[in-house]
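Visitor: Here the sequence shown stands for residues 1230 to 1368, where the numbers follow our numbering. Idealized CB from N, CA, C, for every residue including glycine.
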Amino acid sequence: VKLPASLTYIQLANNKLASFDGSGLTEVSSLYLSDNASLSTADVSGMTALKSLYALNCGLTSLNVGAITTAKAFINVNNNLLENLDLSEATGLENGTLHANDNNLTEIKFPNVKLSAANISKNKLLAIDKKIRSTFSFT
1230 VKLPASLTYI QLANNKLASF DGSGLTEVSS LYLSDNASLS TADVSGMTAL KSLYALNCGL
1290 TSLNVGAITT AKAFINVNNN LLENLDLSEA TGLENGTLHA NDNNLTEIKF PNVKLSAANI
1350 SKNKLLAIDK KIRSTFSFT
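(1) Below 8 Å between beta carbons: does that hold for serine 1248 and threonine 1270?
(2) Check threonine 1320 in the structure and name its three-state DSSP category.
(3) When DSSP labels each residue in this structure, what does leucine 1311 get in the three-state scheme?
(4) Grouping DSSP H, G and I as helix and E and B as strand, with all else coil, what is aspartate 1331?
(5) Which partner residues does serine 1291 have in the DSSP bridge list?
(6) Report yes if the C-beta of asparagine 1313 is less than 7 Å from at least one heavy atom of the ligand HEM; otherwise report no.
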């Protein structure tokens, strides 16, 4: 299904999606993909207006957020199968929120900004370096 580029809100929760590609959806500010048990990959890197992403309770093994630049962005990817999460270009997480608990995360690459809150409990992280500890809040 090709979605219209003019959309600003997309609710695709509780479907049977296997993948999601947000290419061309540059106006979307809110995306809901939660409860798609078969969803293994999601690419929202081209969604430049994205402010909130909900992808809870999926089977995500790969997530490309790219350069989310909207201020105070909110990302919730709780209860997935992610092993790594690269947020290094997501400057929109300045004063934003990240929820990535109950995954298989061994590595998270954070942007060089201050998050207001981050919940990354119930993962397989082995260490948090000093830079990350001094830059982020963990709840």
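Guide: Here's the rundown:
(1) To locate residue 1248, count along the sequence shown from 1; it is residue 19. To locate residue 1270, count along the sequence shown from 1; it is residue 41. The answer is yes: Cβ separation under 8 Å.
(2) Reading the sequence shown from its first residue, position 91 is the one you call residue 1320. Residue state, collapsed to three classes: helix.
(3) Residue numbering aside, residue 1311 sits at position 82 when the sequence shown is read from its first letter. Coil.
(4) Taking the sequence shown and counting its residues from 1, one reaches residue 1331 at position 102. Reduced to three states, the DSSP call for aspartate 1331 is coil.
(5) Start at 1 with the first residue of the sequence shown, and residue 1291 comes out as number 62. In DSSP, serine 1291 forms a bridge with Thr1270.
(6) This structure does not include the ligand HEM; it has no bound ligands of any sort.
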